[in-house]
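To start, the structure itself, in structure tokens.
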């Protein structure tokens with residue numbers, strides 16, 4: 001065995017201190033822009049948020065005032081519809097994966113989920129444009145929800161699988177030994193035990209799609225009016241932010257900041273709920 | 001009894017069908033892109049499409065070279081900035097930060113990971129672009145007139161702006177993954193190293209990082225994939241002009257996702273246009289999938305080793 005010549009202890013201690021300080025300084029540098037973004041949104045956003053801003057439709061260029069109620073409602077509708085699209089296949093595929101660890105179907109399933117997760121959102125947008133928007137000949141809420149649903153799907157499958165894997169086998173065995181059919185065992189024993197994890201996964205998925213813009217450009221398209229018809233275009237918060245921010249009008253920039261703040265508060269709320277859910281409903285074994 | 005068996009069968013079938021549905025989504029995406037991109041592949045050779053940089057849809061020139069190079073260039077800048085900073089921040093968070101601090105920082109990072117890319121884009125326009133055009137660009141263009149700095153683009157909308165915004169965007173993702181990887185390194189190993197007389201830094205450098213290396217690489221590839229396919233933030237700050245290949249960090253860049261996002265209004269009118277754009281999407285899909293498969297392979301390798 002070769003021994004390395006160790007430097008003197010005081011040099012090593014100096015190096016230790018040096019790197020500790022370097023790490024702290026670089027971490028501060030890294031977190032500076034992140035904190036700056038948060039600060040900027042809060043300081044600019046607060047001044048433009050008021051009751052009218054939250055409850056009114058946007059006004060044409062040049063008129064002061066106007067709000068983003070259409071974008072808020074659109075975002076909520078998009079989230080609800082994409083949940084309807086993505087939850088049933090997502091949760092069931094997750095259950096299947098946790099129940100069948102080996103096998104050809106689960107191999108292909110986990111592979112395709114992995115690939116789906118890596119697909120850039122703009123590609124999902126354009127493919128939904130090809131498959132959904134063109135046949136219907138309309139940009140629509142439905143197409144937007146399909147695009148967002150495809151983005152949610154891998155997150156839901158993965159978190160469901162991970163949670164259900166942690167549930168001990170003896171719970172299932174006990175239920176099966178009592179003569180409970182397999183599907184009831186899954187519905188009454190496995191899923192309730194993993195419910196907090198599944199809900200956390202859904203909330204994480206919603207937080208992920210709430211800020212997505214790229215897949216909505218060709219699908220939900222945006223709409224300055226209120227709309228709840230699934231076959232008509234809708235607006236969403238990120239789309240509105242994008243449109244207002246790239247416009248040359250200062251009033252619209254203020255709208256963009258306000259909408260950013262609303263969006264961040266929504267995501268923050270989702271994060272808090274997620275934390276509460278994991279803390280309160282967690283079943284311990 | 002028979003009815004119960006029957007129900008069981010039905011439920012299993014439904015499960016099977018829904019699983020096949022999930023797999024078929026991927027199939028539909030890949031097939032749709034390939035099918036729609038094939039008309040242009042029949043007319044132009046793949047080599048022309050990939051390496052030519054002339055993009056004149058109305059004249060029938062569909063060279064994607066400029067966009068591919070721009071994508072790689074912006075992603076490279078982003079990753080060069082993001083790797084050291086996010087790695088050190090994650091080390092600080094796991095090894096050095098007091099427990100209280102960690103409890104404050106972790107949710108904050110989660111929140112930042114959930115912020116809309118558009119918001120990062122807006123931040124890039126108001127903070128990064130003026131910074132580059134007023135200070136960074138004049139400073140470098142006078143003093144350093146060689147390869148990665150020489151440029152005549154004074155607007156600030158540049159590959160560098162895109163790279164910075166992207167790197168800030170992937171910070172939270174990379175940091176939280178590396179943090180999780182570092183936390184899986186058993187505490188006993190650190191104690192053993194410290195007990196042998198190694199300093200804290202030596203322990204971190206030679207023991208913790210060594211053990212966590214594959215996971216850290218996977219985290220970087222994950223961030224890379226995210227940066228690669230990101231559309232809105234880059235679209236807003238990278239300039240997006242058709243000036244030819246970016247030769248400097250201050251030149252404008254026009255990455256693939258921005259091309260796709262910008263052309264949706266005009267796709268229908270010109271023949272083969274939509275086919276070219278879908279080919280761009282297909283290339284993007286292939287590249288991100290490749291990155292992701294590598295990351296997946298590395299993570300599987302670690303899991304197997306730990307067992």
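Protein chains in written order, with UniProt numbering: chain R, 1 to 285; chain F, 1 to 307. Even glycine gets a Cβ: it sits at the ideal position worked out from N, Cα and C.
Where residue 252 (chain R) is concerned, the enclosing alpha helix (DSSP H) starts and stops at 250-280. In the structure shown, residue 97 (chain F) adopts coil according to DSSP, grouped into three states. Excluding five sequence positions before and after residue 260 (chain F), the CB atoms of its chain that fall closer than 7 Å to its own CB belong to 277, 280 and 281, given in chain order.
Beta-bridge partners assigned by DSSP to residue 221 (chain R): R:234. For a cut-off of 8 Å, the C-beta gap from residue 79 (chain F) to residue 159 (chain F) is around 13 Å, too long to register as a contact.
Taking a cut-off of 8 Å on C-beta distances, the stretch 198-215 of chain R touches the stretch 154-162 of chain R, as three or more cross pairs fall below it. For residue 262 (chain F), the enclosing alpha helix (DSSP H) begins and ends at 256-262.
Look at residue 55 (chain F): its C-beta is not under 8 Å from any C-beta on chain R.
In the structure shown, residue 90 (chain F) adopts helical secondary structure according to DSSP, grouped into three states. Annotation: residue 27 (chain R) to residue 169 (chain F) spans about 15 Å, alpha carbon to alpha carbon.
Chain F has no Cβ within less than 8 Å of the Cβ of residue 132 (chain R). Beta-bridge analysis with DSSP links residue 55 (chain F) to F:62. The beta carbons of residue 129 (chain F) and residue 163 (chain F) sit no closer together than 8 Å.
Residue-level contact by beta carbon fails for residue 140 (chain R) and chain F, as no gap is shorter than 8 Å. Secondary structure note for residue 16 (chain R): its alpha helix (DSSP H) is the uninterrupted segment 9-48. For residue 62 (chain F), not one C-beta of chain R is nearer than 8 Å to its own C-beta. If one requires a minimum length of 4 residues, the alpha helix (DSSP H) runs lying completely within the stretch 101-185 of chain F are 117-123, 137-143 and 159-184, in chain order. Contacts between residue 127 (chain F) and chain R, judged by CB atoms closer than 9 Å, involve 33, 36, 37 and 40 in chain order. Residues of the stretch 115-141 of chain F whose Cβ lies closer than 8 Å to any Cβ of chain R, in chain order: 115, 116, 117, 118, 119, 120, 121, 122, 123, 125, 126 and 127. Scanning F:236, F:271, F:186 and F:39 for the CA closest to the CA of residue 210 (chain F) turns up F:186.
Taking the Cα positions, residue 20 (chain R) is about 55 Å away from residue 133 (chain R). Per DSSP, reduced to three states, the secondary structure at residue 238 (chain F) is coil, with no helix or strand assignment.
Exposed is the label assigned to residue 188 (chain R), since fewer than 16 other Cβ atoms lie within 10 Å of its Cβ. For residue 240 (chain F), the nearest beta carbon of chain R is not closer than 8 Å to its own beta carbon. For chain R, the residues of the stretch 216-245 of chain F that bring a beta carbon within less than 8 Å of one of its beta carbons are 225, 228, 229, 230, 231, 232 and 236, in chain order.
Selection R:46, R:68, R:255 and R:111 evaluated against residue 295 (chain F) yields R:111 as nearest (Cα-Cα). Apart from sequence neighbours up to five positions away, the residues of its chain that approach residue 178 (chain F) with a beta-carbon distance below 6 Å are 90, 216 and 219, ordered along the chain. Here residue 198 (chain F) carries a coil assignment [DSSP, helix/strand/coil]. For residue 32 (chain F), the closest Cβ of chain R is nearer than 8 Å. In this chain, the alpha helix (DSSP H) harbouring residue 215 (chain F) covers 209-229. Using a CB distance cut-off of 8 Å, residue 6 (chain F) does not count as an interface residue toward chain R. Here the C-alpha atom of residue 146 (chain R) lies approximately 37 Å from the C-alpha atom of residue 251 (chain F).
The C-beta distance from residue 238 (chain R) to residue 118 (chain F) rounds to 5 Å, short enough to meet the 8 Å contact threshold. Per DSSP, residue 129 (chain R) lies in no alpha helix (DSSP H) segment and is marked neither H nor E. The Cβ of residue 199 (chain F) sits closer than 8 Å to at least one Cβ of chain R.
DSSP places residue 193 (chain R) within a helical segment (H, G or I) once states are collapsed to three.
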